[in-house]
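> In this note's numbering, the protein residues as written are 82 to 255.
We treat Cβ as the ideally placed atom computed from N, Cα and C, and that holds for glycine.
Have a look at the structure that comes next, please.
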Amino acid sequence: ARLLERLKEAVKDAPDFPRPGILFKDIMPVFQDPKLVSDTCAALVEEVENVGKPDVIIGIEARGFLIGPIMAQKMGIPFVAIRKKGKLPRECFSVKYEKEYGVDEFDMQKDALTAGQKVVVVDDLLATGGTLEAAAKLCDMAKASVIAHCVMFELDFLKGRDRLTHPVVSLVRY
């Protein structure tokens, strides 16, 4: 319970960002506290291991890159990046998706996963679920099996969990 309190205290509200009417949850102050980052990643690893044992951690650009590699290192497994369109060299799977503020496109290198690998998709926050859903589609294209989505924070009122077909691990729910 103390970890959740520390996470909630670290997050800062940014009203009317990135546009009027949005209350943005700024998680970047979490990363100014190395102990909090370490404790958070350890708690996420524990929660993920309660769901299953992944072969790979998938991180979504950009904030999934902040916790995904740490989780992968703690679990002794590889980390694979999902990036915005055009940022990865070599042949990629691509998927377009809708997010809270418009349409975007993600890439994942075709040789990053092998068929049958069990993966956990990591991001900072679950809002509408569009980003995590798109990442799962990329994993499906690679014939990998998503065993869970993993986020630090979840905005319950946007019901993103409802659109996802895999279990969701989250620490703090608003």
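(1) Return the CA-CA distance between histidine 230 and alanine 153, expressed in angstroms with no decimal places.
(2) State the Cα-Cα distance for the pair isoleucine 151 and leucine 84, rounded to the nearest angstrom.
(3) Near proline 248, what residues of its chain come up, given a Cβ to Cβ distance below 8 Å and the 5 sequence neighbours on each side ignored?
(4) Counting beta carbon pairs with one atom in the segment 119-126 and one in the segment 179-195, are three or more of them shorter than 8 Å?
(5) State the start and end residues of the unbroken beta strand (DSSP E) segment that holds lysine 81.
(6) How many angstroms separate the CA atom of valine 257 from the CA atom of proline 96?
(7) Can the beta-carbon of valine 203 be found closer than 8 Å to that of isoleucine 158?
(8) Should glycine 197 be labelled buried (16 or more other beta-carbon atoms within 10 Å of its own) or exposed?
(9) Whole beta strand (DSSP E) runs in the segment 93-163 with 3 or more residues, listed along the chain?
(10) So, are the CB atoms of aspartate 188 and leucine 169 less than 8 Å apart?
In this structure, then:
(1) Taking the sequence shown and counting its residues from 1, the one referred to as residue 230 is at position 149. Taking the sequence shown and counting its residues from 1, the one referred to as residue 153 is at position 72. Between histidine 230 and alanine 153, the C-alpha separation is close to 14 Å.
(2) For the purposes of this step, residue 151 is taken as residue 70 along the sequence shown, with counting starting at 1. For the purposes of this step, residue 84 is taken as residue 3 along the sequence shown, with counting starting at 1. Rounded to whole angstroms, isoleucine 151 to leucine 84 spans 17 Å at the Cα level.
(3) As a working note, residue 248 is residue 167 in the sequence shown. Contacts found: Val132, Ile228, Ala229, His230.
(4) no
(5) Because the chain spans 82 through 255 in this model, residue 81 falls outside it and cannot be assessed.
(6) Here the chain has residues from 82 to 255 only, and residue 257 is not among them.
(7) Residue 203 sits at position 122 when you count from the first residue of the sequence shown. Residue 158 sits at position 77 when you count from the first residue of the sequence shown. The answer is no: Cβ separation not under 8 Å.
(8) Looking up residue 197 in the sequence shown gives position 116. Counting C-beta atoms within 10 angstroms of its own C-beta, glycine 197 has fewer than 16 neighbours from the protein chains shown and is therefore classed as exposed.
(9) 93-96, 104-107, 137-141
(10) Within the sequence shown, residue 188 is the residue found at index 107, counting from 1. Within the sequence shown, residue 169 is the residue found at index 88, counting from 1. Cβ atoms of aspartate 188 and leucine 169: closer than 8 Å.
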